[in-house]
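Since the structure comes first, as structure tokens, the remarks are kept for the end.
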Amino acid sequence: MDYAENILGTIGKTPMVKMNKMVEEIDALVLAKYETFNPGNSVKDRMALQMIEDAETYGALKPGGTIIEGTSGNTGMGLALVAIIKGYKVVCVLSDKQSKEKMDILRAVGCEVYVCPTDVAPDDPRSYYSTSARLAKETPNSWYVNQYDNPSNCKAHFKTTGPEIWEQTDGKITHFVVGVGTGGTISGVSSYLKMKNPNIKVWGIDTYGSVFKKYHETREFDENEIYPYVTEGIGEDILPLNVRFDGIDGFTKVTDKDAAVYTQRLAKEEGMFLGNSAGAAVKGLLQLKEHFTKDDVVVVLFHDHGSRYVGKMFNDDWMREMGYID
Ligand code: PMP
């Protein structure tokens with residue numbers, strides 16, 4: 001018989017899928033690391049498991065404890081699955097720009113959900129950063145995850161995602177392209193791949209309204225780069241410790257409109273029903289096309305599933321209201 005002991009045994013070992021129509025203008029082989037095959041439908045299951053197991057090991061998370069996190073949804077889902085199996089409670093703090101589907105899904109797996117305003121400074125007491133820190137202080141036997149600065153986030157990708165990509169491409173990967181939020185995925189995968197072959201180039205996908213690209217180019221934190229944006233899952237108005245800028249060769253920014261339109265196109269042209277950051281990643285990849293040549297093997301990582309965006313990027317009324325389609 002071949003079965004997992006529980007749902008956590010199905011995390012990782014996701015497939016790699018060749019991209020076809022949408023990347024016709026690129027000479028190289030383009031492969032998608034397809035993270036929606038994780039049980040929580042996103043890459044975040046990997047780091048949720050690693051962060052919880054490390055916190056158990058160093059004693060920050062004790063039996064029956066409450067896990068508290070400011071999360072855009074996918075990390076909350078991963079934490080919830082691990083918590084269900086291991087017997088913890090989960091409190092998630094979200095910003096109000098996140099899709100309603102994400103909030104409903106978190107409640108469905110037993111999380112307590114708090115929603116905070118997006119358009120306030122990170123140090124404002126109403127922000128989701130401040131609210132999660134306050135709840136962590138006030139709740140007995142609780143542990144505040146802090147995926148932005150928690151090194152176990154990066155470590156999960158160094159230990160699992162990076163080696164899988166290396167093995168699935170037979171060590172032939174030349175470029176890795178991925179959306180950046182906390183930075184865990186890009187930094188963990190980059191450290192592993194560059195350890196195996198320092199010539200591999202790693203590109204981050206950023207949004208307009210986020211500080212990453214400018215910081216990478218100037219090493220200056222420019223507040224003028226910060227303004228509200230629609231794209232979900234990537235870009236930040238802070239510099240998380242998990243974004244290790246030295247391991248990243250460059251960033252390209254994708255507009256909200258392009259990210260939304262390319263998310264729809266992925267579903268219709270590749271049969272890939274994926275989240276908003278996947279659309280941004282494909283558009284970013286096309287923006288970088290002059291960096292790729294015929295024999296290159298380019299891997300792009302797709303973080304999450306389309307079901308979480310049916311009220312937004314997969315809803316034509318919403319797309320029209322936003323001015324993204326006619
Ligand atoms: N896309 C989606 C949909 C996400 O939820 C996240 C996590 N915020 C990312 C991309 C970025 O991944 P990371 O946090 O590892 O940089």
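Going left to right, the sequence shown walks through residues 1 to 326 as full-length UniProt numbering numbers them. Glycine is no exception: its CB is placed at the ideal position from the N, C-alpha and C atoms.
Check                                                                                                                                               : Outcome
Can you give the beta carbon distance from G87 to D45, rounded, assuming they're within the 8 Å contact cut?                                        : So it is not a contact: roughly 18 Å between Cβ atoms.
Got a sec: does the ligand PMP put a non-hydrogen atom nearer than 7 Å to the Cβ of E321?                                                           : no
Skipping 5 residues on each side, what residues in its chain have a beta carbon closer than 7 Å to that of I7?                                      : P39, L81, I85
Taking contact to mean at least 3 C-beta pairs separated by less than 8 Å, is the segment 245-258 in contact with the segment 199-218?              : yes
Short check: CB of A28 to CB of F292, under 8 Å?                                                                                                    : yes
Let me check you understand the geometry: is the CB of D304 closer than 7 Å to at least one non-hydrogen atom of the ligand PMP?                    : yes
So, with DSSP's three-state summary, where would you put T207?                                                                                      : strand
Between which two residues does the beta strand (DSSP E) carrying A32 extend?                                                                       : 29-34
Can you determine whether any heavy atom of the ligand PMP sits closer than 7 Å to the C-beta of S99, and answer yes or no?                         : no
My assumption, with CB atoms under 8 Å, is that G306 sits in contact with A281. Please give the rounded CB distance.                                : Not quite, the Cβ-Cβ distance comes to about 14 Å (not below 8 Å), so this is no contact.
For the segment 96-107 and the segment 44-60, state whether three or more C-beta atom pairs, one from each stretch, are separated by less than 8 Å. : no
Could you give the residue range of the alpha helix (DSSP H) that holds V261?                                                                       : 256-270
Beta carbon of T182: closer than 7 Å to some heavy atom of the ligand PMP?                                                                          : yes
So, with DSSP's three-state summary, where would you put D54?                                                                                       : helix
Kindly give me the distance between the Cβ atoms of E225 and V211, rounded to whole angstroms, as I take these residues to be in contact under 8 Å. : 5 Å
Note down, one range per segment and in chain order, each beta strand (DSSP E) of at least 3 residues found wholly within the segment 132-214.      : 142-144, 175-179, 201-207
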